[in-house]
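Right, one structure below, let's go through it.
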Amino acid sequence: MSDTPISLRDEVVKKQPSTMTNSDAMERSNTVGSVVFETHHLDKLCSALENSNGTARKLTSTTAISLGGFVLCTTPLSMVLLGWQGASGSGAGNLGSWIWLGGIVTIVGAIGDWITGHIFPAIVFSLFGGFWCSFGTMLVPDAGAFSAYSTDPNNPAEGLTEPAFSATVAFFLMAMSFLCLIFLLASLRVNVAFCFAFAGLIPTMDLLAASYWAAADGKTSKALTLQHGSAGCLLAVSLLGWYILAALVLPTVDFPVVLPLGDLSHRIKGASQRARRQNPGFDV
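Residues 1 to 284 in the UniProt record's numbering are what the sequence shown spells out, letter by letter.
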């Protein structure tokens, strides 16, 4: 982008009469259309355009913000669901991070992507941000999500163990699995890393949903096994998420090492590309 203002200046200088000396050229005004520029003013304008373009490049995507909030929730949750170091309680101890990092921060990043025209990550992370806010709110006592299932008004936490509550949550997780399937199909036009991430999230959601259904049926041992399977998939997705995050963050400081994500944008022809090929001159 920085070549454009420089070439503009070169074109202006080239149009000066060949009989002029260098000193005359520096003092004479250059005319572009009906606008008159002093040469030193033109230099400042070109420099300003270069700087503004550089700023625009740095502000082209906020996907790393959303992804950072996402992995800061999925990583500890996967370890909690695995029961490492005695952790339990479906990760309720990290409720604050679910709502603020997984929810608010992820949605803020998605809004930034939407503003800058990165529609796919904006869709993905706005919906995942909503998921984390919803899942976190579900465990807030004052929200009344689980207390509504309690048979004892003085013990709202009893609702967490009620079969109806577990079965209801499972349907939400199943719906998230469908959403991840759609994202997987869309990511076939993005990169390999995103494909593997969504491919891993599908069994994560399905196994966790099955775990809740098993718990609703009173099959505690089976529920725990399914939970561990879901947690293993989620941990794998989280590790991949950290890799993608590093690949997005390092270029912001012009880091000399570029981590590949496996670009797929040119592997599968898009609808607009196919239309142009079949109908030359067609513009979408």
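The beta carbon of each residue, even a glycine, is placed where N, CA and C say it ideally should be.
The structure displayed is predicted, hence computed values, not measured ones.
| Item | Value |
| --- | --- |
| Reference residue 139; option with closest CA among 195, 71, 276 and 161 | 161 |
| Euclidean distance between Cα positions of residue 123 and residue 130 | 11 Å |
| Member of 174, 246, 263 and 262 whose CA lies at the smallest distance from the CA of residue 255 | 246 |
| Residue(s) in a DSSP beta bridge with residue 263 | 191 |
| Under the three-state DSSP convention, the category residue 268 falls into | coil |
| Sufficient close CB pairs (3 or more, under 8 Å) joining the region 92-107 to the region 143-155 | no |
| Top-ranked residue by Cα proximity to residue 112, from 154, 68, 61 and 141 | 61 |
| Inter-stretch contact at 8 Å, needing at least 3 Cβ pairs: the region 170-187 / the region 233-248 | no |
| Helix, strand or coil at residue 276 [DSSP, three-state] | helix |
| Residues near residue 218 in its chain [Cβ-Cβ closer than 7 Å; skip 5 each side] | none |
| Test item: CB-CB of residue 70 and residue 128 under 8 Å | yes |
| Contact under 8 Å by Cβ, residue 101 with residue 77 | no |
| Per-residue DSSP class, three states only, for residue 55 | With a pLDDT of 39 at residue 55, under the threshold of 50, the predicted position of this residue should be treated as unreliable, and no value is reported. |
| Nonlocal neighbours in the same chain, by C-beta distance under 8 Å from residue 257, ignoring five residues either side | 250 |
| C-alpha gap between residue 48 and residue 192, whole angstroms | Its pLDDT being 42, under 50, residue 48 is placed unreliably in this model, and the value from its coordinates should be taken loosely. Each residue's Cα considered, the two are about 38 Å apart. |
| Run of the alpha helix (DSSP H) containing residue 222, from where it starts to where it stops | 220-249 |
| Whole-Å CB distance - residue 186 paired with residue 120, under 8 Å assumed | 6 Å |
| Contact belief for residue 234 with residue 74 at Cβ below 8 Å, rounded distance in angstroms | 6 Å |
| For residue 126, the nearest candidate out of 165, 183 and 89 (CA to CA) | 183 |
| Proximity of residue 241 and residue 197 at Cβ, strictly below 8 Å | yes |
| Straight-line Cα distance separating residue 151 from residue 65 | 42 Å |
| Within 8 Å, strictly: CB atoms of residue 156 and residue 216 | no |
| Residue 78 (DSSP reduced to helix, strand or coil) | helix |
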